[in-house]
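Only one structure is covered here, and it is reproduced in the block below.
Residue numbers (our numbering), protein chains in the order written: chain A, 134 to 371; chain B, -5 to 291.
Next comes the structure, spelled out in structure tokens:
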């Protein structure tokens, strides 16, 4: 569905991603794990169109077309069915929960379909329904993360990219967030997940890539990497 | 002061205040989205007044057609200003765009002097707006009632767009977080153009009504009303549309009432506005209705 080939990302003089290849098959959960600054976020930010200094190709086979999407604007990429849920949640604190969700559906016009997805989001996150008219900024960290995921779902994506969804959450909430990711995937959405919480990510991932300073050093099915000695030592605390 | 005199002053203040409010909204909207004080806004207001003059005197269009045309042309100018002078500086330090706005202001003023000439021009006003009516001894111009009503309608329309429509939602989102808004599929450039278009349309409406009230127009007419409206925006809390309205009305009332109650001070009425600006900046820099949002991390 998504095929990243020879992707380079630069920030001024810094070479953050050094020609990596990643494949995200339709309907699967793929995760990028690695330490801070390994280039995980840069990779999905490049896919989402936010970064300009990039090289390589990102072929996308979805939305009834097959083309290189590298270099398109973020709004164009969202319209094609790839949405990113950014690091740090980035919900809009001065807008209500409902307005945040409707912003997610900005590219869509089919009221019925939007309503259907809204019901789905409320189903996944009953607390969002209770707080529909509350300002986003009044939600707790965990609720904000759920709102951010819900907002991403509202764009009716084929591929949903999540940047560190567990960041700053209590262990119980982390589990909840990952359960939700599983449910979203079960509904047919392809997931590309960036995580520092390697254990949680590997557990649900069909396939995983380990990044170190801009290179992929290891890849394989999530379950296998969980057992891998090198991964255990470097990311799972021995 | 008699009651009838007070009522007349009241309507004067209401008219002036609502005009300030209309112009102030343009400052506040642009600031809300781009954190930029668009100093060319007062000159866009002046363009609105000139467009209504030319549609009437050269093209002999009916007044109401002229109004619509002038508003459209002016918002178009506002959009062009953003395209040409602010968009290329979007990622530059904010001070660059600010300086650019001062440059645009000088450019429009001087271009206007060349094109329109510096000689003040008399604006033709529809009779029904300037035929004095008398209600129980209160002599009043119909436009002193029409202007506040028009302003109210325009502000209500704007609030509807900002709070009830999709582009309005995008505007409010951009004001907090441009990047995330783009990630939701919003074309930020289109929304910013729309913001400049709407702000300039209100300025044009303000310019047209200003020309009704002070029917002599000249290329530098936007300077003082522009600055006053800027003060009104700061007074109300820059970034807030409701604040701009409150600030505009308040400033209009302060100005008129000072002159009404202390005629000896009338020469200083502009100074009062600027003193007010200084005081506000010292005491409550966020203005009367300025936003203070607590954010959870």
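Glycine residues also receive a C-beta, built at the ideal position from the N, C-alpha and C atoms.
For residue 230 of chain B versus residue 36 of chain B, is the C-beta spacing smaller than 9 Å?
As a first step, residue 230 of chain B is located in the second chain; it is residue number 236 there, counting from the start. As a first step, residue 36 of chain B is located in the second chain; it is residue number 42 there, counting from the start. Against a cut-off of 9 Å, the Cβ pair of residue 36 of chain B and residue 230 of chain B comes out as no contact.
Of all the CB atoms in chain A, is at least one closer than 9 Å to the CB of residue 300 of chain B?
This structure does not reach residue 300 of chain B, given that chain B is present from -5 up to 291, and the question cannot be answered.
Count the other C-beta atoms from every protein chain shown that fall within 10 angstroms of the C-beta of residue 289 of chain B, then say buried if there are 16 or more, exposed otherwise.
Translated into positions along the second chain, residue 289 of chain B becomes position 295. Because residue 289 of chain B sits at a pLDDT of 42, beneath the cut-off of 50, its placement in the model cannot be relied upon, and the following sentence gives the value as read from the coordinates. Burial call: exposed.
Taking all protein chains shown into account, decide if residue 59 of chain B is buried (16 or more other Cβ within 10 angstroms of its Cβ) or exposed.
Mapped onto the second chain, residue 59 of chain B falls at position 65. That one is exposed.
Put residue 151 of chain A into one of helix, strand or coil per three-state DSSP.
Within the first chain, residue 151 of chain A is the residue found at index 18, counting from 1. Residue 151 of chain A: strand per DSSP, three-state reduction.
Excluding the 5 residues flanking residue 150 of chain B on each side, which residues of the same chain have their C-beta closer than 7 Å to its C-beta?
Residue numbering aside, residue 150 of chain B sits at position 156 when the second chain is read from its first letter. No residues qualify anywhere along the chain.
Quick check on residue 283 of chain B - is its C-beta less than 9 Å from some C-beta in chain A?
Residue mapping note: residue 283 of chain B aligns to position 289 of the second chain, counting from 1. For residue 283 of chain B, the answer is no, since every Cβ of chain A falls outside 9 Å of its Cβ.
Can at least three beta-carbon pairs, one atom from the stretch 133 to 144 of chain B and one from the stretch 63 to 81 of chain B, be found at a separation below 8 Å?
Because the criterion of three Cβ pairs below 8 Å is not met, the stretch 133 to 144 of chain B and the stretch 63 to 81 of chain B do not touch.
For chain D, check one thing: does any of its Cβ atoms lie closer than 9 Å to the Cβ of residue 179 of chain B?
Looking for chain D here will not work: the only protein chains present are A and B.
Between residue 222 of chain A and residue 298 of chain A, what straight-line distance do the alpha-carbon atoms span, to the nearest angstrom?
Residue 222 of chain A sits at position 89 when you count from the first residue of the first chain. Residue 298 of chain A sits at position 165 when you count from the first residue of the first chain. For residue 222 of chain A and residue 298 of chain A, the distance between alpha carbons rounds to 7 Å.
State the CB to CB distance for the pair residue 14 of chain B and residue 242 of chain B, rounded to an integer number of angstroms; the pair is presumed to be in contact (CB under 8 Å).
One-based indexing of the second chain puts residue 14 of chain B at position 20. One-based indexing of the second chain puts residue 242 of chain B at position 248. About 4 Å separates the two Cβ atoms, so the contact holds.
With a threshold of 9 Å between beta-carbons, can residue -3 of chain B be considered close to chain A, or not?
Position 3 of the second chain holds residue -3 of chain B. No, residue -3 of chain B does not count as interfacial toward chain A.
Anything in chain B within Cβ reach of residue 239 of chain A, meaning under 8 Å, just list it in chain order.
Mapped onto the first chain, residue 239 of chain A falls at position 106. Per Cβ cutoff of 8 Å: 160, 163, 164, 178, 179, 180.
Do residue 340 of chain B and residue 269 of chain B have their CB atoms nearer than 9 Å?
Here chain B comprises residues numbered -5 to 291, so residue 340 of chain B is not present and cannot be evaluated.
Answer yes if the stretch 166 to 185 of chain A comes into contact with the stretch 250 to 268 of chain A, meaning at least three C-beta pairs across the two stretches below 8 Å, and no otherwise.
Output reads no: the stretch 166 to 185 of chain A does not touch the stretch 250 to 268 of chain A.
Tell me whether residue 136 of chain A sits in a helix, a strand or coil according to DSSP, three-state version.
In the first chain, residue 136 of chain A corresponds to position 3, counting from 1. Three-state result, residue 136 of chain A: strand.
Which runs of the beta strand (DSSP E) fall wholly inside the stretch 210 to 248 of chain A and span at least 3 residues, in chain order?
Listed in chain order, the complete beta strand (DSSP E) runs (minimum 3 residues) inside the stretch 210 to 248 of chain A are 215 to 218.
Could you spell out the range, first to last residue, of the alpha helix (DSSP H) harbouring residue 171 of chain A?
The sequence position of residue 171 of chain A within the first chain is 38, counting from 1. Per DSSP, residue 171 of chain A belongs to no alpha helix (DSSP H) and is neither H nor E.
Kindly list, in the order they appear in chain A, the residues whose Cβ is closer than 7 Å to that of residue 171 of chain B.
Here the question's residue 171 of chain B lines up with position 177 in the second chain. Chain A residues near residue 171 of chain B: 223, 225.
Can you confirm whether residue 167 of chain B, when its beta carbon is compared against all beta carbons of chain A, has any partner nearer than 9 Å?
For the purposes of this step, residue 167 of chain B is identified with residue 173 of the second chain, where counting begins at 1. Closer than 9 Å: yes.
Please compile the residues from chain B whose C-beta is within a distance smaller than 7 Å of the C-beta of residue 181 of chain A.
Reading the first chain from its first residue, position 48 is the one you call residue 181 of chain A. Result: 177.
What does residue 188 of chain A pair with, by DSSP beta-bridge criteria?
As a position in the first chain, residue 188 of chain A is number 55, starting the count at 1. Residue 188 of chain A pairs with A:141.
Just how far apart, CA to CA, sit residue 158 of chain B and residue 228 of chain A?
The sequence position of residue 158 of chain B within the second chain is 164, counting from 1. The sequence position of residue 228 of chain A within the first chain is 95, counting from 1. Cα to Cα, the separation comes out at about 12 Å.
Determine, using beta carbons only, whether residue 153 of chain A and residue 325 of chain A come nearer to each other than 9 Å.
One-based indexing of the first chain puts residue 153 of chain A at position 20. One-based indexing of the first chain puts residue 325 of chain A at position 192. Going by C-beta atoms, residue 153 of chain A is not nearer than 9 Å to residue 325 of chain A.
Under 9 Å between C-beta atoms, does residue 174 of chain B make it to chain A?
By 1-based counting over the second chain, the position of residue 174 of chain B is 180. Residue 174 of chain B counts as touching chain A.
In whole angstroms, what separates the C-alpha of residue 230 of chain A from that of residue 86 of chain B?
Taking the first chain and counting its residues from 1, one reaches residue 230 of chain A at position 97. Taking the second chain and counting its residues from 1, one reaches residue 86 of chain B at position 92. Roughly 33 Å separates the two Cα atoms.
Would you call the stretch 174 to 182 of chain B in contact with the stretch 234 to 242 of chain A, where contact means no fewer than 3 C-beta pairs closer than 8 Å?
Verdict: yes, contact present.
Note down, in chain order, all residues in the stretch 192 to 217 of chain A with a beta-carbon under 8 Å from any beta-carbon belonging to chain B.
Of all residues in the stretch 192 to 217 of chain A, 206, 207, 208, 211, 212, 216, 217 have a Cβ within less than 8 Å of some Cβ in chain B.
Helix, strand or coil: which one does DSSP assign to residue 208 of chain B?
Here residue 208 of chain B refers to the residue found at position 214 when the second chain is read from its first residue. Three-state DSSP puts residue 208 of chain B in coil, outside helix and strand.
Could you pull the start and end residues of the beta strand (DSSP E) that residue 341 of chain A belongs to?
Within the first chain, residue 341 of chain A is the residue found at index 208, counting from 1. Per DSSP, residue 341 of chain A belongs to the beta strand (DSSP E) from 340 to 345.
Quick check on residue 230 of chain B: does DSSP put it in helix, strand or coil?
For the purposes of this step, residue 230 of chain B is taken as residue 236 along the second chain, with counting starting at 1. The answer is helix: DSSP assigns residue 230 of chain B an H, G or I state.
With 9 Å as the threshold, decide whether the Cβ of residue 219 of chain A is near any Cβ in chain B.
For the purposes of this step, residue 219 of chain A is identified with residue 86 of the first chain, where counting begins at 1. With 9 Å as the cut-off, residue 219 of chain A counts as an interface residue toward chain B.
Closer than 8 Å between beta carbons: that is the criterion. Which residues of the stretch 163 to 175 of chain A meet it against chain B?
So nothing in the stretch comes that close.
Quick check: the Cα distance between residue 258 of chain B and residue 247 of chain B, rounded to an integer number of angstroms?
Residue mapping note: residue 258 of chain B aligns to position 264 of the second chain, counting from 1. Residue mapping note: residue 247 of chain B aligns to position 253 of the second chain, counting from 1. Those two C-alpha atoms are separated by around 17 Å.
Using CA coordinates, which residue listed in A:198, A:191, A:204 is at the minimum distance from residue 184 of chain A?
The residue given as residue 184 of chain A occupies position 51 in the first chain. The shortest C-alpha separation from residue 184 of chain A is found at A:204.
Evaluate residue 114 of chain B with the Cβ neighbour count: other Cβ atoms within 10 Å of its Cβ, from every protein chain shown; 16 or more gives buried, anything less gives exposed.
Residue numbering aside, residue 114 of chain B sits at position 120 when the second chain is read from its first letter. So residue 114 of chain B counts as exposed.
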